[in-house]
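*Asks:* Got a structure for you, written out below as structure tokens; questions coming shortly.
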Amino acid sequence: KGHKKTCASLEDVAANMNAAGAAEDWRGVLKWEGRMEEVMATETDHNCDFFLLATLDAHRLGDSSTGSPHHVISILRLRELRVELLGKMGRFRDQGEAICIAASSLDQAGKVKEAYSYYTRARELGAAHGFFSV
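In my numbering, the protein residues as written are 5 to 138.
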């Protein structure tokens, strides 16, 4: 979709991300982040979750290696995408956990009001689906 034939297929992207992740080469994983929109629009929910988790892990490693605020911003954005995806997949307990992790990230970034609203969201999700989240 909008890519030249010389671009890697999504299968190749996944294989390259897997290899880079196994080698803890966070830069190698992040080089494929530009394909996120395409992955999210065309792949199965399971593949989208893999892509999000791999990219999140790479940004966490990048953040600990460089301290760049770019990584923190990307982590927050990716966490929100994953929360939405888990809800779409009906994985509500996992979604509640992801919301709490996102809230913690927001709190650490100094966004206390946003973090509080996330914790509230997690409690409401837990109450609606019969599990305790926070």
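Virtual Cβ for every residue (Gly too), placed ideally from N, Cα, C.
Are the CB atoms of L89 and D53 within a distance shorter than 8 Å?
*Replies:* As a first step, residue 53 is located in the sequence shown; it is residue number 49 there, counting from the start. As a first step, residue 89 is located in the sequence shown; it is residue number 85 there, counting from the start. Yes. Within cutoff.
*Asks:* T10: buried (16+ other C-beta within 10 angstroms of its C-beta) or exposed?
*Replies:* What you label residue 10 is simply residue 6 of the sequence shown in a count that begins at 1. Low local confidence applies: a pLDDT of 47 at T10 is under 50, so the model's placement there is unreliable, and no value is given.
*Asks:* If I measure Cβ to Cβ from G100 and keep anything under 6 Å in the same chain, skipping five residues before and after, which residues do I get?
*Replies:* Here residue 100 is taken as the residue at index 96 of the sequence shown, counted from 1. Counting only Cβ-Cβ distances below 6 Å, and skipping sequence neighbours, we find A126, L129, G130 and S137.
*Asks:* For my contact list, G66 and W30 are in at a C-beta cut-off of 8 Å; report their separation, rounded to the angstrom.
*Replies:* Within the sequence shown, the letter at position 62 stands for residue 66. Within the sequence shown, the letter at position 26 stands for residue 30. About 5 Å; that satisfies the 8 Å criterion.
*Asks:* State buried or exposed for Y120, treating a residue as buried only when at least 16 other CB atoms are found within 10 Å of its CB.
*Replies:* Against the sequence shown, residue 120 aligns to sequence position 116. It counts as exposed.
*Asks:* So, helix, strand or coil for K117, using DSSP?
*Replies:* Position 113 of the sequence shown, counting from 1, holds the residue named residue 117. Here K117 sits in helix by DSSP.
*Asks:* Is it the case that the Cβ atoms of V87 and A106 are separated by a distance below 8 Å?
*Replies:* Mapped onto the sequence shown, residue 87 falls at position 83. Mapped onto the sequence shown, residue 106 falls at position 102. It is a contact, given that the beta carbons lie within the stated cut-off.
*Asks:* Quick one: what does DSSP say D53 is sitting in, helix, strand or coil?
*Replies:* Along the sequence shown, read from residue 1 onward, the residue named residue 53 stands at position 49. The answer is helix: DSSP assigns D53 an H, G or I state.
*Asks:* Identify every run of the beta strand (DSSP E) within the region 62–122, keeping only runs that are complete inside it and at least 3 residues long; order them along the chain.
*Replies:* Entirely contained in the region 62–122, not one beta strand (DSSP E) run reaches 3 residues.
*Asks:* Relative to the alpha-carbon of N22, which residue among L57, T46, A45 and T48 has its alpha-carbon at the smallest distance?
*Replies:* Counted from its first residue, the sequence shown places residue 22 at position 18. Out of L57, T46, A45 and T48, L57 has the C-alpha closest to the C-alpha of N22.
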